[in-house]
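Worksheet for the structure shown next.
In the numbering used here, the protein residues as written are 120 to 769.
What follows is the structure in structure tokens.
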């Protein structure tokens, strides 16, 4: 009898231990404010998120499914580990050059009835969460074809969304979509069907009313996985991870990913804030990834001229490119970009002459390439140079011999694993030959600034070329510009091509679409939009038809930043951002609303008292003033509709 009682006592004790072990699956940020809880309910995994006691995500699903293994049900906890992370790194290409990343990491290990294993890893830093799955090899199979990722996000009822739809495959100009160039619907209710019915691109911003904000994205995507997106949402706030559409890239490759075993998924990231400050200042896309290879040389970044934007296809000829090289030299810019069509219209021999001429002017040349194999109908040349290894290496060897500084590769149109491999192959080969890389007509960068030392930036936004194409883009320019610091540009370098100082968007500044924003608004975007290489939209006529203070500003503005601070704003309405280069601060403010906005900003980070103020006069012309900062370190800004202000000081 005593023996039986002992056995019963042991069983109860074991059950109690197991229950407490399972119930204590939680991890907090170092400041203890951000909390993730994990729960197992009938063999299925769920998590929820709270910030300072406020629920930001309700119980949301987790898990992976494939034909070989179902790692989403019948799971039981086998182990858990908790550790602290405290790392320092430098990365000159992102919004803050020197980072200290501190986080608490919880790893939970589970197995199903067939002894298949899955590890769930959550890293929680102050205002940021990253999670991913690690899959050990438990049998003969050395790979895992993932049919579905159940990772979801269940938002509270009061949430509104700032989302941009994923485009269906093989639509748009020359069948080049999806290319992350759709429009946003601000403060939209959850569950409204997207424009194309195939979900939403990352990043995705959610406003939880007076609770705060959540920004969703992913990072660490390379050739071992596909790029993912958000599914269509439900009215009660459910969104989940979704894979690319089968028709992307003209049907090339499988839509769902396959990973080697052991292997892992990319990181799913969440930035959670009671205000928008953590959203704009987040570095989580870079905190949790590692460099994929070493730099073959010390890469340089900076400003560039770009004839194609305002002068279009007709400018891809020898004399016009020489003119824009001269413009770059006169502005003190590091680069000039020769865009698509140069193979046919200029030729390799004359392009070599342009490269040599630019070198005498202290200007580096970057060249445009078409990514195309067979996945769209975009006709621009050079084609067939980037899509195969042998052609790519031969072309890059020529560029290295000529002294080309970088390449811009266009027209990708998909997020499949096969396409991610092409991105990585281009980057890796370009590093071998000492070339930087910009992607255009492309996917969102996912931690690539830190992963690839020669990666510069990606378009993945409704960029400045649309200002040339449609008046609608000009009418909406200020609205879109006030979205990007909170969404697209919050997670990665944005190759927008800002600062168009022509009033009319054509070569002679006398026809075409009409700019609605002020010149001060335009120069503010040189600071507001972050990319380590900026292909500015200035043209030779701006040297004489734009005020000297504006052009002097454009000669001095940097493109790399040591710090970034959010000061004020609301997506789609207005934005005030401060960035520091060395000991110089630049504060950029723009207004998208139709009425004048008067705001007061506090600048405690400034140590000096002298400020240069670029703003708009009553007639919307730019003006430069000097002012002294008061003891309260405050400045009153008057922002005209579609106008801006830039403050410069130390």
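Just so it is clear, CB atoms sit at the ideal spot from N, CA and C, and this is done for glycine as well.
Item	Value
Entirely enclosed beta strand (DSSP E) segments - the segment 510–551, minimum 3 residues	525–529
Cβ neighbour criterion (16 or more within 10 Å) applied to residue 467	exposed
Secondary structure, beta strand (DSSP E): runs of 3+ residues fully inside the segment 653–699	682–689
Burial state of residue 326 (16 or more Cβ within 10 Å)	buried
Spatially closest choice to residue 320 from 448, 415, 486, 348, by CA coordinates	348
Distance, residue 155 Cα to residue 128 Cα	For residue 128, the predicted model reports a pLDDT of 43, less than 50, meaning its position is unreliable; a value from the coordinates is still stated below. Going by the C-alpha atoms only, they are around 33 Å apart.
At least 3 beta-carbon pairs within less than 8 Å: the segment 207–221 vs the segment 297–307	no
The beta strand (DSSP E) enclosing residue 569, as first and last residue numbers	Segment 567–570 is the alpha helix (DSSP H) holding residue 569; no beta strand (DSSP E) there.
Distance between residue 442 and residue 627 (C-alpha atoms, nearest Å)	14 Å
Residue 221 - partner residues in DSSP beta bridges	205
Three-state secondary structure assigned by DSSP to residue 309	coil
Run of the alpha helix (DSSP H) containing residue 427, from where it starts to where it stops	426–430
Selected residue, minimal CA-CA separation from residue 369, among 491, 332, 378	491
Span of the beta strand (DSSP E), counted from its first residue to its last, around residue 746	741–747
Pair within 9 Å by beta-carbon distance, residue 332 and residue 402	no
For residue 128, the three-state DSSP class (helix, strand or coil)	With a pLDDT of only 43 at residue 128, under the threshold of 50, the placement of this residue in the model should not be trusted; the figure read from the coordinates follows. Helix at residue 128.
CA-to-CA distance, residue 516 to residue 352, given in whole angstroms	47 Å
Backbone secondary structure at residue 418 - three-state DSSP	coil
Continuous beta strand (DSSP E) stretch holding residue 729: start and end	729–735
Distance between residue 340 and residue 373 (C-alpha atoms, nearest Å)	16 Å
Within 9 Å, strictly: CB atoms of residue 428 and residue 616	yes
Minimum C-alpha distance to residue 433 - residue among 526, 463, 421, 768	463
Bridge partner(s) assigned by DSSP for residue 361	348
Residue nearest to residue 438 in terms of C-alpha spacing, selected from 476, 222, 336, 404	476
Whether residue 672 touches residue 568 by CB criterion (9 Å)	no
Rounded straight-line distance, which links the Cα of residue 336 to that of residue 260	30 Å
Burial state of residue 740, where buried means 16 or more other Cβ atoms lie within 10 Å	exposed
Alpha-carbon spacing of residue 707 relative to residue 298, whole angstroms	28 Å
Residue 591 classed as buried or exposed, judged by whether at least 16 other C-beta atoms fall within 10 angstroms	exposed
Segment contact flag, the segment 632–648 with the segment 202–209, C-beta cutoff 8 Å, min 3 pairs	no
Residues that DSSP places opposite residue 169 in a beta bridge	154, 174
Inter-residue spacing [alpha-carbon to alpha-carbon] between residue 141 and residue 224	With a pLDDT of only 47 at residue 141, under 50, the local geometry of the prediction cannot be trusted, and the value read off the model is given with reservation. Cα to Cα, the separation comes out at about 17 Å.
Pairwise C-alpha distance: residue 412 and residue 361	29 Å
When 759, 282, 513, 493 are compared against residue 531, the one with the closest alpha-carbon	493
Cβ neighbour criterion (16 or more within 10 Å) applied to residue 764	buried
Contact check, residue 167 vs residue 178, beta carbons under 9 Å	yes
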